Amino acid sequence: MLEVIEQLDHDAHAELDAVSSEDELEAFRIKFLGSKGAVKKLMGMLKDVPKEQKPAFGKNANILRQKVEQAFESKKGSLGGSATASKKSGPMIDVTEPGSPPRLGREHIITQTINEIADVFGRMGFEVATGPEIEDEHHNFIALNIPASHPARDPVDNFFVSDDELLRSQTSTIQIRVMENREPPIRVIATGRVYRPDEIDATHHQMFHQVEGLYVDKNVSMVDLKSTLIQFAHAMFGPDADVMLVPSYFPFTEPSAELYVKMDLGKGLEWMEVGGCGMVDPNVFKAVGYDPEEWTGFAFGLGIERLAMRKYQIPDIRWLFENDVRFLRQF
Ligand code: DAH
11 MLEVIEQLDH
21 DAHAELDAVS
31 SEDELEAFRI
41 KFLGSKGAVK
51 KLMGMLKDVP
61 KEQKPAFGKN
71 ANILRQKVEQ
81 AFESKKGSLG
91 GSATASKKSG
101 PMIDVTEPGS
111 PPRLGREHII
121 TQTINEIADV
131 FGRMGFEVAT
141 GPEIEDEHHN
151 FIALNIPASH
161 PARDPVDNFF
171 VSDDELLRSQ
181 TSTIQIRVME
191 NREPPIRVIA
201 TGRVYRPDEI
211 DATHHQMFHQ
221 VEGLYVDKNV
231 SMVDLKSTLI
241 QFAHAMFGPD
251 ADVMLVPSYF
261 PFTEPSAELY
271 VKMDLGKGLE
281 WMEVGGCGMV
291 DPNVFKAVGY
301 DPEEWTGFAF
311 GLGIERLAMR
321 KYQIPDIRWL
331 FENDVRFLRQ
341 F
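Going by this note's numbering, the letters in the sequence shown line up with residues 11 to 341, in that order.
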């Protein structure tokens, strides 16, 4: 029985030696190694082999199969090599195919929102001002008409870095810096980080961003304030956005109000406070050397995270600072 194997060994190698093209090689594969090929048939003969010869036959048949497979593979390699160099190893590369685009970075959603805010107010004639994040008590409190006894000045409610300096708790500081350095009329916004040791939850963080607005001119009224904020909200969120002003109190404005925007953060539509506003208090004008009899103005300070949450339906402020790219890539 073993002669059958030897014969097949001989035939296979002889035929493989004669193969000179890929088509011939494929024909060889079918004839010898295919599912109905000679090697398969040989394996099938095992059951008819006398019992005592079975082990030797099985072993030799297996060796033959491996030899033919190896010879086939090396022939395939050498054929490929002589036909085209690129087939020698690895996958073929089509250099004319368009490449896969590299994944680009993008601006953080807060940066995008800040840019959009500046754009909207820019169209209304507001320019952008900046101020330092480490502030003195004068700019953070005193000039803003916040007396020493006011709870907002409590050291436990602020991040003081020295006796007189703190991480600013509001961008209203920039109102003072702008007015100290310029004469009216003034129309500015200022965006930046503010810091408060608040308890962190879905709508509060210890560092967040505000956009401050200040408009000083003759005969500025509450109507100007209201229409400016409504126009802003509609430009940001679309003309159907629901907004309202609710009377409130701030030391640096009189009268004062809070701006509420209706938003759905997963629990149905709810009113959310997005910031404060009002008519600049005469004491603030006095602190910067403006005559409150001559000048009038409005101011506002809005939380940028909350505006972004409304715009992009983000239910949790913490997601904005976790830097999870799966979240950030969506914007
Ligand atoms: N600074 C206030 C805050 O952080 C917000 C604010 C209220 C700003 C009224 C203003 C304003 O400019 O006029 O809560």
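Note that CB positions come from ideal geometry on N, CA and C, so glycine has one too.
Just so we're clear, the structure is a prediction, and the values are computed from it rather than from any experiment.
Using a cutoff of 8 Å, the CB of Leu177 does not count as near the ligand DAH, since none of the ligand's heavy atoms is closer than that. For Phe136, the secondary structure class from DSSP, reduced to helix, strand or coil, is coil. In the DSSP assignment, Arg203 is bridged to His219.
Closest by C-alpha distance to His219, out of Ala158, Thr140 and Asp227, is Thr140. Partner residues in the beta bridge of Pro257, as assigned by DSSP, are Ala267. Taking 9 Å as the cut-off, the Cβ atoms of Gly286 and Phe247 do not count as close. Comparing alpha-carbon positions, the option among Glu280, Ser266 and Pro265 lying closest to Lys272 turns out to be Glu280. Taking C-beta atoms as the reference points, Leu43 and Lys85 fail to come closer than 9 Å.
Unbroken beta strand (DSSP E) stretches of 3 residues or longer found wholly inside the segment 142 to 195: 144 to 146 and 175 to 177, given in chain order. In this structure, Phe170 lies away from Arg206, with their beta-carbon atoms at least 9 Å apart. Taking 8 Å as the cut-off, the C-beta of Gly141 does not count as close to any heavy atom of the ligand DAH. DSSP places Met246 inside the alpha helix (DSSP H), whose first and last residues are Met232 to Phe247. Judged by DSSP secondary structure, Leu26 falls within the alpha helix (DSSP H) whose first and last residues are Leu12 to Ala28.
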